[in-house]
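What follows is one structure encoded as structure tokens, with my remarks underneath.
4 protein chains.
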Amino acid sequence: MQDSIKACLDCHSMCLRMATTFCLEQGGRHVEPKHLRLMLNCAELCQTSANFMLSDSPLHGRVCLICAEACEACAKSCEQVGDMRECVEECQSCAKSCRAMT
Amino acid sequence: MQDSIKACLDCHSMCLRMATTFCLEQGGRHVEPKHLRLMLNCAELCQTSANFMLSDSPLHGRVCLICAEACEACAKSCEQVGDMRECVEECQSCAKSCRAMT
Amino acid sequence: MQDSIKACLDCHSMCLRMATTFCLEQGGRHVEPKHLRLMLNCAELCQTSANFMLSDSPLHGRVCLICAEACEACAKSCEQVGDMRECVEECQSCAKSCRAMT
Amino acid sequence: MQDSIKACLDCHSMCLRMATTFCLEQGGRHVEPKHLRLMLNCAELCQTSANFMLSDSPLHGRVCLICAEACEACAKSCEQVGDMRECVEECQSCAKSCRAMT
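Protein chains in written order, with our numbering: chain A, -12 to 89; chain E, -12 to 89; chain Z, -12 to 89; chain H, -12 to 89.
What follows is the structure, given as structure tokens:
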């Protein structure tokens, strides 16, 4: 579970930072509503997932499953937008880690 | 959706306030680990659900479903602990509202 | 304090919703990095302020003061960007309410 | 700033985990209202501080300052309660790191 908490915190940090700095500064496809929303939603769900694991919630597996789906959707969107390889990798790695918790 | 956002915000406020003031001050069964954790987890998930609806996330239905389960578990725990009727009602009402979003 | 909690929750909802739906869909000045960041920061600080008041934290006055500053900066930015009167009013009202808590 | 973000995330994880698992399971002084509230408030403010640094908010210095105060109060409370050395150290280290950002 330690690994999965770390993956969620890392993915939260990456998505929030990229959304509010890189994407906003790049503009164009990077601020397309669906993409930026996904980035912010993914960041928030990673935070919630981490918090549910940290507090040993019986619902953590359920939250991790949706978190994995958010990460996969975010990775896909980052690939389509381009220039976001680091974010793609963090999301894919977090998705894998979250699926292992379900 | 407006009603459901309001229900989530109300339930978040109720659970967070009751957990950190009433339950901690009462002690005894009110600070039993499973109960207090459920109260805090329910508060956090209600907040996340509200945020996903506010940002029109395509995952909001999925988050609302887990939120409904957290609210139902929290209502049950509050009933067993006793002296928490207001919280039971808020959780049941939020659970119903969240299920309508799924 | 009840009024101030309500003002923070209302302002959080308004800023998060406007940032992730209206602003992203409008584009142009509405997605200018400083503006959108302020909207998201204001939303988050309003949430934290509400949570500190709900849990009766001795630090709530300190958090409310920064929240008031975030709301004032956000109101100003919304005025400059234009077409955001509702958000301006919510931010000004929350700033006033938060200042009364300090 | 990277170090300070990491310190906040580490302190958030430590305080949330200890509050919702160790403290609740120990009971007694560990669930004394002032102590547990401080733990939860400290965890939340560390999260908000991290998010404000990650999103490059102009208000991050202000938020870091209150975060440092919350961490110092939490470290003191953990020392008085006892058996919480790890948490004391994490809070002191985060307080120092946050003060450097102000």
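The beta-carbon is built from N, C-alpha and C at its ideal position, and this holds for glycine as well.
**Request:** Please report how far the alpha carbon of Cys61/Z lies from the alpha carbon of His22/Z, in whole angstroms.
**Result:** Against the third sequence, residue 61/Z aligns to sequence position 74. Against the third sequence, residue 22/Z aligns to sequence position 35. Between Cys61/Z and His22/Z, the C-alpha separation is close to 8 angstroms.
**Message:** Does the beta-carbon of Arg16/H, which I'm using as the reference point, lie nearer than 7 angstroms to any heavy atom of the ligand HEM?
**Reply:** In the structure on display, the ligand HEM does not appear, and there are no ligands present to speak of.
**Request:** Starting from the beta carbon of Arg24/Z, find every residue of chain H whose beta carbon is closer than 8 angstroms, and list them in chain order.
**Result:** If you number the third sequence from 1, residue 24/Z lands on position 37. Result: Ser42, Asp43, Ser44.
**Request:** Taking all protein chains shown into account, decide if Met26/H is buried (16 or more other Cβ within 10 angstroms of its Cβ) or exposed.
**Result:** The count along the fourth sequence starts at 1 and reaches residue 26/H at position 39. Label assigned to Met26/H: buried.
**Asked** Which chain A residues are close to Ser(-9)/H, counting only those with a beta carbon under 9 angstroms from its beta carbon?
**Response** As a working note, residue -9/H is residue 4 in the fourth sequence. Under the 9 angstroms cutoff, chain A gives no residues; its nearest Cβ is about 12 angstroms from Ser(-9)/H.
**Request:** Quick one: list the residues of chain E neighbouring Phe39/A, beta-carbon separation under 7 angstroms, in chain order.
**Result:** The sequence position of residue 39/A within the first sequence is 52, counting from 1. Here the neighbours are Asn28.
**Item:** Ala(-6)/H in three-state terms, based on DSSP
**Value:** Within the fourth sequence, the letter at position 7 stands for residue -6/H. Looking at Ala(-6)/H - three-state DSSP - the assignment turns out to be helix.
**Message:** Can you give me the C-alpha to C-alpha distance between Thr89/Z and Val50/Z, rounded to a whole angstrom?
**Reply:** Against the third sequence, residue 89/Z aligns to sequence position 102. Against the third sequence, residue 50/Z aligns to sequence position 63. Roughly 9 angstroms between the two C-alpha positions.
**Prompt:** Taking any Cβ of chain H, which residues in the stretch 44 to 70 of chain E have a Cβ under 7 angstroms from it, in chain order?
**Reply:** none
**Prompt:** How far does the alpha helix (DSSP H) with Phe39/A in it reach, from first residue to last?
**Reply:** As a position in the first sequence, residue 39/A is number 52, starting the count at 1. Segment 20 to 41, the alpha helix (DSSP H) holding Phe39/A.
**Message:** Using a 10 Å radius around the Cβ and a threshold of 16 neighbouring Cβ atoms, would you call Gln67/Z buried or exposed?
**Reply:** The residue you call residue 67/Z lines up with position 80 of the third sequence. Classification of Gln67/Z: exposed, given that the 10 Å Cβ count is below 16.
**Message:** I want to see whether chain H comes within less than 8 angstroms of Val75/E, judged by CB atoms only; does it?
**Reply:** The residue labelled residue 75/E in the question sits at position 88 within the second sequence. Answer no: the Cβ-Cβ gap between Val75/E and chain H never drops below 8 angstroms.
**Asked** Within 8 angstroms (strictly less), CB to CB, does Glu12/A reach chain Z?
**Response** Here residue 12/A refers to the residue found at position 25 of the first sequence. So, interface residue.
**Asked** Which value, in whole angstroms, describes the spacing of the CA atoms of Ser(-9)/H and Ser80/H?
**Response** Counting from 1 along the fourth sequence, the entry for residue -9/H is found at position 4. Counting from 1 along the fourth sequence, the entry for residue 80/H is found at position 93. Near 10 angstroms, if we compare the C-alpha coordinates of Ser80/H and Ser(-9)/H.
**Message:** Can you check whether the C-beta of Thr35/A is within less than 8 angstroms of a C-beta belonging to chain E?
**Reply:** Locating residue 35/A in the first sequence gives position 48, where the first residue counts as 1. Yes, Thr35/A lies at the interface with chain E (some Cβ there is under 8 angstroms from its Cβ).
**Message:** At the level of alpha carbons, what is the spacing between His47/A and Leu3/E?
**Reply:** For the purposes of this step, residue 47/A is identified with residue 60 of the first sequence, where counting begins at 1. For the purposes of this step, residue 3/E is identified with residue 16 of the second sequence, where counting begins at 1. Approximately 19 angstroms between the Cα atoms of the pair.
**C-alpha distance - Ala6/H paired with Cys29/E, whole-angstrom precision** = Reading the fourth sequence from its first residue, position 19 is the one you call residue 6/H. Reading the second sequence from its first residue, position 42 is the one you call residue 29/E. Each residue's Cα considered, the two are about 16 angstroms apart.
**Request:** Measure from the C-beta of Thr89/E to each C-beta in chain H and report whether the shortest distance is under 8 angstroms.
**Result:** Position 102 of the second sequence, counting from 1, holds the residue named residue 89/E. Judged by the 8 angstroms Cβ criterion, Thr89/E is not in contact with chain H.
**Prompt:** Taking 8 angstroms as the CB-CB cut-off, is Leu32/A touching chain H?
**Reply:** Residue mapping note: residue 32/A aligns to position 45 of the first sequence, counting from 1. Output row for Leu32/A: interface = no.
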